[in-house]
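Remember, the working numbering sits 18 above the position in the sequence shown when you count from 1.
Positions of the beta carbon are idealized from the N, C-alpha and C atoms, including for glycine.
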Amino acid sequence: MGTKDQRASVWGTGFLINDSTVVTSNHVVAMSDADLTAWAELEGVDVKTLKDRLRIEVVVMNDLTIQASILNSSSEMDFAILKLEQQIYDRH
Numbered sequence: 019m020g021t022k023d024q025r026a027s028v029w030g031t032g033f034l035i036n037d038s039t040v041v042t043s044n045h046v047v048a049m050s051d052a053d054l055t056a057w058a059e060l061e062g063v064d065v066k067t068l069k070d071r072l073r074i075e076v077v078v079m080n081d082l083t084i085q086a087s088i089l090n091s092s093s094e095m096d097f098a099i100l101k102l103e104q105q106i107y108d109r110h
């Protein structure tokens, strides 16, 4: 996740399970209220504004970036299923 001006980012790994779905850890895509509040203070905005700026991007093979949204997640099991905004096709 990163803000629109890319001052800060959170990175993690994930696994493509088909051409439009990624499984990753929930802690990569979810932030606690305390973290959101602290980050908003650093950015000089309120929490709602920060949440509006956050986005999830999936980087494939270091050169393809696709935005994604959370389909399902579990903090207890620490997983998140992401839906890519566009499909990834065979690039060979």
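DSSP three-state assignment for residue i, whether helix, strand or coil
| i | result |
| --- | --- |
| ALA111 | The structure shown does not extend to residue 111, since the chain spans only 19 to 110, so no value can be given for it. |
| ASN44 | helix |
| LEU60 | helix |
| LEU72 | coil |
| VAL78 | strand |
| THR83 | strand |
| THR21 | Any reading at THR21 must be qualified, since the residue scores a pLDDT of 46, below 50, and its modelled position is unreliable; the value itself is stated next. Residue state, collapsed to three classes: coil. |
For residue i: DSSP bridge partner residues
| i | result |
| --- | --- |
| ASN90 | ILE99 |
| ASN36 | THR39 |
Reference residue i; option with closest CA among the options
| i | options | result |
| --- | --- | --- |
| ILE97 | ILE84, THR42, ARG73 | Going by the sequence as given, residue 97 is Phe instead of Ile. Comparing Cα positions, the closest option is THR42. |
| TRP29 | SER38, THR39, ALA48 | ALA48 |
| GLN104 | SER92, GLU94, VAL78, ASN90 | VAL78 |
For residue j and residue i, believed in contact at Cβ under 8 Å, the rounded distance
| i | j | result |
| --- | --- | --- |
| LEU68 | LEU54 | 6 Å |
Neighbour-count burial assignment, residue i, 16 or more Cβ in a 10 Å radius
| i | result |
| --- | --- |
| GLY62 | exposed |
| ILE35 | exposed |
| LEU89 | exposed |
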